[in-house]
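A.B. asks:
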Amino acid sequence: MLDLARLRALHAVHVHGSVAAAAAALGYTPSAISQQITKLERETRTTLLERRGRGIALTDAALHLASAARELMDIVERTETALEERRGLPTGVLTVGAFATAARGLLPQALAVLAREHPSLETRLSEVDPHVSVDLVAKGIIDLAVAHDWDIAPLPAPEGVEYAAIGDDHCDVLVPADHPLASRAVLHRSDLAREPWICQPPGSVCHDWLVRTLRADGHEPYLRHQAGEYHTQLALVSAGLGIALVPRLGRGPLPEGVVALPLDPIPTRRLYALWRTGAARRPAIQTTIHALHDAWAALSD
156 MLDLARLRAL HAVHVHGSVA AAAAALGYTP SAISQQITKL ERETRTTLLE RRGRGIALTD
216 AALHLASAAR ELMDIVERTE TALEERRGLP TGVLTVGAFA TAARGLLPQA LAVLAREHPS
276 LETRLSEVDP HVSVDLVAKG IIDLAVAHDW DIAPLPAPEG VEYAAIGDDH CDVLVPADHP
336 LASRAVLHRS DLAREPWICQ PPGSVCHDWL VRTLRADGHE PYLRHQAGEY HTQLALVSAG
396 LGIALVPRLG RGPLPEGVVA LPLDPIPTRR LYALWRTGAA RRPAIQTTIH ALHDAWAALS
456 D
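Position one of the sequence shown corresponds to residue 156 (the numbering used here), numbered consecutively onward.
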C-alpha cells in the first residue's frame, strides 16, 4: 500500500519545483523529503525524479502519482473534517502560513491561546509571503493562510478558497526625531513630495503603493534606499538617512531617534484568513479564525 506521507512529499515537489522548496513548504529538511521520495520509488519500483539541467523533473509516472496524491489528500481532508465535526472539537494538526509581521505580531498570541484551550490541536506555523501562502492553501500544502492586501492590489482568492477579514492594519510615516516634520501632528501626502524614501524593493505591494500614491498626487518619489525588512528600514530612519512608511503590526518599539506620524488619508492594508472550501466546516479552522480575531481585537485596544 502506498504511503500517503510519501505521496504528499512527491506532490509538494511537483507543486514547488524542487526538493528544497518542497521541504521548506512542508516544514522538513531536504534530506527528509529525498528519503520519502526514495522510499516511494522502492514501493512503486519506478523512477520518479530525473536530472534535467541543474534541476530535477518528475517522470511521467511521478506526474500520475502526484495527481493521484492530490485526489487522495482531498479525500483525507474531507474525511478528517467530517470526523472532527462529529467530535465538535478542534483536533489533529493545523498548518498555518503567515507573512512576516503577522507571524511576529499576531500569530504568537493566537497560537498560544489555541495551545492552552485546545491541547489536542497541534498548530504548525511557517513564515511565507502573502501570495505564496494563498497558493499553498489552494494546492493543499497548508491548511490556513494569514495574508494581506492593499487597495491598489486586492488579494486574489483562487477557486476553492474561502476567506474572512481579520482587521485593518494602519501605516505611519517614520521620520528622524530631528526632522522638520517630526513635530507635526498629522502629515499629508503633499508634505512628502521631496523627501528621500526608504522603502521595500520594486515588486512588493508596499513599494507599489508608495510609488502610485505619490505619483497620483503629481510627485515623483525619491527612492533613496531599499530594504525588504522593516527593522532595516527603522535603522536607516534612525540614522537620519530618510523616511519610511511602515505598518503598525509587528513593528515593535521604535528605536531611539525615530518618530511615527499618522498620514491623512491613512494608508491601510487589510488582513485575511484563507482556507480551502473543503475544510470550511472543520472545527480547527473555525476555532483558529476566532483566535485570530480575538488576538487582533486585543492588539487594537
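Cβ atoms here follow ideal geometry from the backbone N, Cα and C, with glycine treated the same way.
Keep in mind it's a predicted model, so treat the numbers as computed, not measured.
Who are residue 419's beta bridge partners in DSSP?
C.D. replies: Position 264 of the sequence shown holds residue 419. Residue 419 pairs with 343.
A.B. asks: Using the Cα positions of residue 216 and residue 169, report the straight-line distance between them to the nearest angstrom.
C.D. replies: As a working mapping, residue 216 is identified with position 61 in the sequence shown. As a working mapping, residue 169 is identified with position 14 in the sequence shown. Residue 216 and residue 169: Cα-Cα distance of roughly 12 Å.
A.B. asks: Looking only at its own chain, which residues have a Cβ that is under 6 Å from the Cβ of residue 295, when we skip the five neighbours before and after it?
C.D. replies: Counted from its first residue, the sequence shown places residue 295 at position 140. Excluding residues within five positions, the ones whose Cβ falls inside 6 Å are 228.
A.B. asks: Am I right that residue 436 and residue 315 are in contact with their C-beta atoms under 8 Å? What's the rounded C-beta distance?
C.D. replies: By one-based count along the sequence shown, residue 436 stands at place 281. By one-based count along the sequence shown, residue 315 stands at place 160. That pair is no contact at about 15 Å.
A.B. asks: Given this structure, state the Cα-to-Cα distance separating residue 333 from residue 395, to the nearest angstrom.
C.D. replies: Position 178 of the sequence shown holds residue 333. Position 240 of the sequence shown holds residue 395. Each residue's alpha carbon lies about 8 Å from the other.
A.B. asks: Nearest to residue 397 by CA position, among 283, 422, 336 and 343, is which residue?
C.D. replies: One-based indexing of the sequence shown puts residue 397 at position 242. Checked all of 283, 422, 336 and 343; the closest Cα to residue 397 is 336.
A.B. asks: Could you please give the first and the last residue of the uninterrupted alpha helix (DSSP H) stretch that includes residue 452?
C.D. replies: Start at 1 with the first residue of the sequence shown, and residue 452 comes out as number 297. Counting along the chain, the alpha helix (DSSP H) containing residue 452 begins and ends at 438 to 455.
A.B. asks: Per DSSP, what are the beta-bridge partners of residue 353 in this structure?
C.D. replies: Along the sequence shown, one-based indexing puts residue 353 at 198. In DSSP, residue 353 forms a bridge with 380.
A.B. asks: From residue 340 to residue 416, what does the alpha carbon distance come to, in whole angstroms?
C.D. replies: Taking the first residue of the sequence shown as position 1, residue 340 is located at position 185. Taking the first residue of the sequence shown as position 1, residue 416 is located at position 261. If you take the alpha carbons of residue 340 and residue 416, they lie about 7 Å apart.
A.B. asks: Would DSSP call residue 303 helix, strand or coil?
C.D. replies: On the sequence shown, position 148 is the one that residue 303 refers to. Note: residue 303 maps to strand in three-state DSSP.
A.B. asks: Specify the secondary structure class of residue 362 as computed by DSSP and reduced to three states.
C.D. replies: The residue labelled residue 362 in the question sits at position 207 within the sequence shown. Helix, per DSSP.
A.B. asks: Does the Cβ of residue 166 have 16 or more other Cβ atoms within 10 Å, making it buried, or fewer, making it exposed?
C.D. replies: The sequence position of residue 166 within the sequence shown is 11, counting from 1. So residue 166 ends up on the buried side.
A.B. asks: Beta carbon of residue 308: closer than 7 Å to some heavy atom of the ligand HEM?
C.D. replies: With respect to the ligand HEM, the structure offers nothing, as it holds no ligand at all.
A.B. asks: Would you kindly report the start and end of the unbroken alpha helix (DSSP H) that includes residue 320?
C.D. replies: The residue you call residue 320 lines up with position 165 of the sequence shown. No alpha helix (DSSP H) holds residue 320; the beta strand (DSSP E) holding it covers 316 to 331.
A.B. asks: Comparing alpha-carbon positions, which option in 366, 361 and 374 lies nearest residue 461?
C.D. replies: In the structure as shown, the chain starts at 156 and stops at 456, and residue 461 therefore has no counterpart that could be examined.
A.B. asks: So the candidates are 331, 224, 391 and 192; which of them puts its Cα closest to the Cα of residue 211?
C.D. replies: For the purposes of this step, residue 211 is identified with residue 56 of the sequence shown, where counting begins at 1. It is 192.
A.B. asks: In its own chain, which residues sit with a C-beta less than 7 Å from the C-beta of residue 380, not counting the 5 before and 5 after it?
C.D. replies: Along the sequence shown, read from residue 1 onward, the residue named residue 380 stands at position 225. Same-chain partners within the cutoff: 353, 391, 396 and 397.
A.B. asks: Quick check: what's the CA-CA separation for residue 177 versus residue 350?
C.D. replies: On the sequence shown, residue 177 is found 22 positions in, with the first residue counted as 1. On the sequence shown, residue 350 is found 195 positions in, with the first residue counted as 1. Approximately 42 Å, taken between the alpha carbons.
A.B. asks: Suppose you measure from the CA of residue 206 to the CA of residue 189; what does that come to, to the nearest Å?
C.D. replies: Residue numbering aside, residue 206 sits at position 51 when the sequence shown is read from its first letter. Residue numbering aside, residue 189 sits at position 34 when the sequence shown is read from its first letter. Approximately 14 Å, taken between the alpha carbons.
A.B. asks: Alpha carbon to alpha carbon, what distance is there between residue 258 and residue 250?
C.D. replies: For this step, residue 250 is matched to residue 95 along the sequence shown. For this step, residue 258 is matched to residue 103 along the sequence shown. One C-alpha to the other measures close to 13 Å.
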